[in-house]
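Anchor point for the sequence shown: position 111 equals 111 in the working numbering, and the numbering is continuous, going up by one each time.
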Amino acid sequence: MNNKILKQLASLSSYIGHSKSIWNPQMENYLFGHINGIHILNIEKTVNILQKDDFNNESNKYVQYIQSSQLLNGSLSNLITLINNYKNLKKEHEITENITLIRNVPDVIVIFNINHKHAFINEAISLKIPVISLVDSNNNPNLITYPLPSNNQYNPVISYFIDYIKKIINIGVIENLVIYNRKYKLYKNIKKNKYDI
């Protein structure tokens with residue numbers, strides 16, 4: 001295990017989960033326990049997943065980068081139809097900036113907070129597209145190809161994983177990475193790596 005990554009994740013408090021009252025039992029194998037009613041995530045498992053060969057083999061894939069807050073259901077499975085009807089969809093929804101249309105089916109998808117994105121994840125699963133995601137104590141890790149146990153709502157933690165995944169997936173194709181986070185509408189200007197990964 002890479003102790004350097006473990007220390008970096010610990011320094012960001014990425015091990016802090018949610019209240020026991022809202023946990024998902026599917027996360028049991030990814031938890032150490034709880035302190036004062038708050039779950040503690042096992043970030044050693046996160047480091048182990050990040051170091052796995054099959055995770056690192058996701059480099060040099062065609063991926064798509066999305067910054068906006070709204071992905072249409074069917075963005076993957078109905079791609080050609082959506083592209084052809086994009087103008088009508090924009091008028092119908094009376095949305096210009098908040099609607100995101102994927103223009104190519106990606107090889108890898110990264111979603112930092114999987115809440116409210118189950119339809120999109122199910123599309124990816126049906127198309128056999130690997131999904132990388134931070135999974136907090138209230139998420140279902142079984143939906144994700146590479147579940148990374150971590151706090152998925154704290155901005156510095158998300159920033160760390162963006163930097164790490166950028167290194168794994170080859171900086172040359174990062175502009176195509178599907179990065180989705182509803183709360184933070186990930187980042188219009190992704191800063192250079194702050195961590196020596």
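Even for Gly, the Cβ is constructed at its ideal location relative to N, Cα and C.
Could you pull out every residue in the same chain whose Cβ sits closer than 8 Å to the Cβ of residue i, ignoring the five residues on either side in sequence?
i      : result
Pro156 : Leu12
Ser19  : Gly37, Ile38, His39
Val105 : Leu76, Leu79, Leu127, Ile129
My output table needs one value for residue i: the three-state DSSP class, helix, strand or coil.
i      : result
His118 : helix
Ser126 : helix
Tyr30  : helix
Pro106 : coil
Leu134 : strand
Leu76  : coil
Ser14  : coil
Asn155 : helix
Asn3   : helix
Asn140 : coil
Leu9   : helix
For the beta strand (DSSP E) holding residue i, just list the boundary residues, first then last.
i      : result
Ile111 : 109 to 111
Tyr146 : 146 to 149
Leu50  : Not the beta strand (DSSP E): Leu50 falls in the alpha helix (DSSP H), residues 43 to 51.
By Cβ distance below 6 Å, which residues in the same chain neighbour residue i in space, the five residues on each side in sequence not counted?
i      : result
Tyr15  : Ile40, Leu41, Ile43
Leu127 : Leu76
Asn152 : Phe112, Asn113, Leu134, Asp136
Gly17  : His39, Leu41, Asp136, Ser137
Leu9   : Ile43
So, residue i versus residue j, is the Cβ gap smaller than 9 Å?
i      : j      : result
Ser133 : Ile125 : no
Leu31  : Ser137 : yes
Leu148 : His118 : no
Asn24  : Asn139 : yes
Ile109 : Val131 : yes
State yes or no: is the beta carbon of residue i nearer than 9 Å to at least one beta carbon in chain C?
i     : result
Ile43 : In the structure shown, chain C cannot be found, because there is only a single protein chain.
Between which two residues does the alpha helix (DSSP H) harbouring residue i extend?
i     : result
Ser21 : Where Ser21 is concerned, there is no enclosing alpha helix (DSSP H), given that its DSSP letter is neither H nor E.
Pro25 : Note, Pro25: premise wrong, no alpha helix (DSSP H); not H, not E.
Asn36 : Element bounds for Asn36: n/a, residue is neither H nor E.
Which residues in the same chain as residue i place their Cβ atom closer than 7 Å to its Cβ, once the five residues preceding and following it in sequence are excluded?
i      : result
Gly33  : Ile40
Lys45  : Tyr30, Pro149
Pro141 : Gln26, Met27, Tyr30, Val135, Pro147
Any heavy atom of the ligand SAM inside 8 Å of the beta-carbon of residue i?
i     : result
Ile40 : What this structure holds is no ligand at all, so the ligand SAM is not there to describe.
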